[in-house]
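Asks:
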Amino acid sequence: MPFSADGTQTMDLKNLLVTAADGVTTITINRPDKLNALNQATLAELDHVVGTTAQDPSTRVIVITGQGQKAFVAGADIKEINHLSPLKAHQFSQYGQQVMRRIERLDKPVIAMVNGFALGGGLELALACHLRLASDKAQLGLPEVKLGILPGFGGTQRLTRLIGRGQALSMMLTGEPVDAPTAASMGLVNQTVGAEALLETTMRLAAQLAQSAPAAMAGILEAAVLGEDMDLTSALSLETARFALACASEDMKEGTQAFLDKRAPQFTGN
């Protein structure tokens, strides 16, 4: 990987900025003039960077955000969508879903730092992340119906699973966004903070997670994300398998011994 957690380095792409430090990799959608809209080129870069980061043992936590103060991601690129044939639209939706599914299935925590508008594909990206922290100025919604289309990157499914069918259908059928406090009350975001405190709060959480045992976090993520699509018996079996796997790690020995010694554990990822 061309960036490392040993110090801070930046990898510049056409549509993304990537930085890594202290076990945390931050991916910033860098199209502020387009409110960070997800065009096909940006999706391809995101897919590549997420895939590369997933293989980097120095990265324990990923933060995804948008450049500037206005938008996390204001949606997919409408100019591109306007010219899609049904076949191309099918391919675009499938690829977007593939990218979101890759993020959702990562064995490292992914935090969406929602610094502004998270609309359409932007909210779908945030929904694919494991945790969502939002500025109190953020607006979140799936307004596709106003364009004569519907969410195509998994929004109809993830939003419904997260906040329930009634609230999800209300947001999707009206196309109206909700503000950050409302999103928090619905369980759409985990926490809302003042815009000036968003970066510090997000990085504090990321640093906390980066100190946790990687195998344990990976097990939690797999059991929770994959188990959601299983029957209860199968999901419980998956949990048991991941519990047993974690108990084979040096981090388990360190964590339990640290508890007995009444000291902070020092997890190494082994």
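Position one of the sequence shown corresponds to residue 1017 (this note's numbering), numbered consecutively onward.
Cβ coordinates follow ideal geometry from the N, Cα and C atoms, glycine included.
Starting from the Cα of M1129, find the closest Cα among A1213, G1203, L1100 and E1266 and give me that residue.
Replies: Taking the sequence shown and counting its residues from 1, one reaches residue 1129 at position 113. That would be A1213, whose Cα lies nearest to the Cα of M1129.
Asks: So within the segment 1138-1182, which uninterrupted alpha helix (DSSP H) runs reach at least 4 residues, ignoring any that extend past its ends?
Replies: 1171-1179
Asks: Cα-Cα, which of K1278, G1039, N1098 and A1070 is closest to T1284?
Replies: In the sequence shown, the residue the question calls residue 1284 occupies position 268. Distance check between T1284 and each of K1278, G1039, N1098 and A1070 places G1039 closest, using alpha-carbon atoms only.
Asks: For T1217, which option in I1127, I1043, D1267 and M1268 has the closest C-alpha, if you only look at C-alpha atoms?
Replies: By one-based count along the sequence shown, residue 1217 stands at place 201. The residue with the shortest Cα to Cα distance from T1217 is I1127.
Asks: Could you tell me the alpha carbon to alpha carbon distance between E1244 and M1233, rounded to whole angstroms?
Replies: As a working note, residue 1244 is residue 228 in the sequence shown. As a working note, residue 1233 is residue 217 in the sequence shown. A straight line joining the alpha-carbon of E1244 with that of M1233 spans about 16 Å.
Asks: Would you mind stating whether V1205 and A1211 have Cβ atoms separated by less than 8 Å?
Replies: For this step, residue 1205 is matched to residue 189 along the sequence shown. For this step, residue 1211 is matched to residue 195 along the sequence shown. No. Outside cutoff.
Asks: Using a Cβ-Cβ cut-off of 6 Å (strictly less than) and excluding sequence neighbours within five positions of L1215, which residues of its own chain qualify?
Replies: The residue labelled residue 1215 in the question sits at position 199 within the sequence shown. Closer than 6 Å at Cβ, skipping near neighbours: no residue.
Asks: Rounded to the nearest angstrom, what separates I1045 and K1278 at their Cα positions?
Replies: Along the sequence shown, read from residue 1 onward, the residue named residue 1045 stands at position 29. Along the sequence shown, read from residue 1 onward, the residue named residue 1278 stands at position 262. I1045 and K1278: Cα-Cα distance of roughly 42 Å.
Asks: What first and last residue would you give for the beta strand (DSSP E) that runs through F1133?
Replies: Counted from its first residue, the sequence shown places residue 1133 at position 117. Segment F1133 to L1135, the beta strand (DSSP E) holding F1133.
Asks: Of the choices T1176, K1153, P1167 and G1191, whose alpha-carbon is the least far from that of G1084?
Replies: Taking the first residue of the sequence shown as position 1, residue 1084 is located at position 68. Answer by Cα proximity: K1153.
Asks: Pairing CB atoms from the segment 1254-1267 with CB atoms from the segment 1150-1169, are three or more of them under 8 Å?
Replies: no
Asks: Do A1092 and A1053 come within 8 Å of each other at the CB atom, strictly closer than that value?
Replies: If you number the sequence shown from 1, residue 1053 lands on position 37. If you number the sequence shown from 1, residue 1092 lands on position 76. Going by C-beta atoms, A1053 is nearer than 8 Å to A1092.
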